[in-house]
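Residue numbering for the first sequence follows our numbering, starting at 779 and increasing by one per position. Beta carbons: idealized from backbone N, C-alpha and C, even for Gly. Accompanying notes for the structure given below.
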Amino acid sequence: MRLATWNVNSVRARLPRLLEWLDEGRPDIVCLQETKCAAAQFPADEVGELGYQTAAHGDGRWNGVAILSAVGLEHVTLGFPGEPSYEGEAAEPTLLDEPGLRKPEARAVGANCGGLRVWSLYAPNGRTPESAHYVYKLEWFAALRTALAAELGGEPALAACGDFNVAPTDDDVWDPAVFVGSTHVTPPERQALADLRALGLQDVVPVPMKGPHPYTYWDYRAGMFHADKGMRIDLVYATDAVAGRVRKAYVDREARKGKGPSDHAPVVVDLS
DNA sequence: ATGCCTTATTTCATAAGA
């Protein structure tokens, strides 16, 4: 069984590349993030022609997650119990968007696929450590931990996959000095990952196709990909029952090359 | 080579990404 996670940075803009990638690699289960469309806009028919069922959760312009499965799709969960909404100052506040009334953003979708409980997750960015968005990011991780803990009792084979927007260690960023004072590397963010691992989830670290670092994200600007100045922020956190079946895990950096790529590469995990 | 930012939208400018 092949499981993959990919922040596609708009599923509609990426559709030709997504379809080509699906057809070539034939993953059984795919977690997508930053689909950037409402669920009704998701190209379910197009991926359906390749044999995939879709569970999509979307807001519209921002965020958005989905699971594609060729091995069944049951017990779909949009968001997770206790998932917080962003309660800081809104960029474009309206009377219908008061703090306390906002819906959680579309950052999580879960489903049972081929004997696995799978989550596709897109953690908040956090922007800066001084920002209300950073507080929200940590609250979101704390609530995720509680929700996953509740599932783990009855779900021994679980994989939480996605763009966690945290680099687990200094080796997971191209230059730690550049990130001093930035999000993605702060001790509280890394502690949030450690708290997830403490539930019994293992970080399934992929091997890089090239170079020493299994980065999964490279900024579009300034030739960062070509200089391999990246970050490992797309993660697969799996229970022992899943991690023990891993035959190979790798970063598909071919998907970051060429015309019209996402700024993230997929992480592909082959399970026995 | 792998190539110098991209996306959706209240669009010819902005907010957001990390």
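Which value, in whole angstroms, describes the spacing of the CA atoms of residue i and residue j?
i	j	result
E865	T813	23 Å
A1016	R975	9 Å
G838	Q811	13 Å
L856	R780	23 Å
M987	V1047	13 Å
V982	E929	20 Å
L851	H911	33 Å
L793	R804	15 Å
A1000	R795	23 Å
V786	D1041	8 Å
Skipping 5 residues on each side, what residues in its chain have a beta carbon closer than 8 Å to that of residue i?
i	result
H991	D949, D950, W952, D1006, G1008, R1010
Apart from the five residues just before and just after residue i, which ones in its own chain have a Cβ nearer than 6 Å to its Cβ?
i	result
R885	N841, Y900
M1002	W996
A927	L977
A816	G836, G838
V1061	The structure shown has nothing for residue 1061, since the chain only spans 779 to 1050.
Y914	Y864, P902
G888	T855, W897
A1027	V982, P984, V1047
Among the options, which residue has its Cα nearest to the Cα of residue i?
i	options	result
Q969	A822, F942, A1043, T783	F942
C809	A834, K881, P934	A834
E967	R1025, R905, L846, C939	R905
P894	Y993, E908, E1032, H853	Checking the sequence shown, residue 894 turns out to be Leu, not Pro. With distances taken between Cα atoms, L894 lies closest to H853.
F858	P821, A921, L800, I807	A921
G1036	V956, G888, Y998	Y998
C891	Q831, R790, V963, E1032	Q831
P902	E933, P862, G931, V1024	P862
E802	G1038, D1030, H1042, S1050	D1030
G940	P821, D1012, D823	D1012
List the residues that DSSP assigns as beta-bridge partners of residue i.
i	result
D823	Paired residues: none, contrary to the question.
G888	T855, W897
T1017	L979
M1009	V951, Y995
V808	A782, L846
Y1028	V985, V1046
Beta-carbon within less than 7 Å of residue i's beta-carbon, same chain only, minus the 5 sequence neighbours each way: which residues are those?
i	result
L979	A938, Y1015, A1016, T1017
Query raised in the report: At what residue ranges does the region 891-955 contain a whole run of the beta strand (DSSP E), taking only runs of 3 or more?
Result: 894-900, 936-941
*In chain order, each beta strand (DSSP E) run of at least 3 residues that lies wholly inside the region 828-855*: As far as the region 828-855 is concerned, its whole beta strand (DSSP E) runs of at least 3 residues are 831-835, 843-847.
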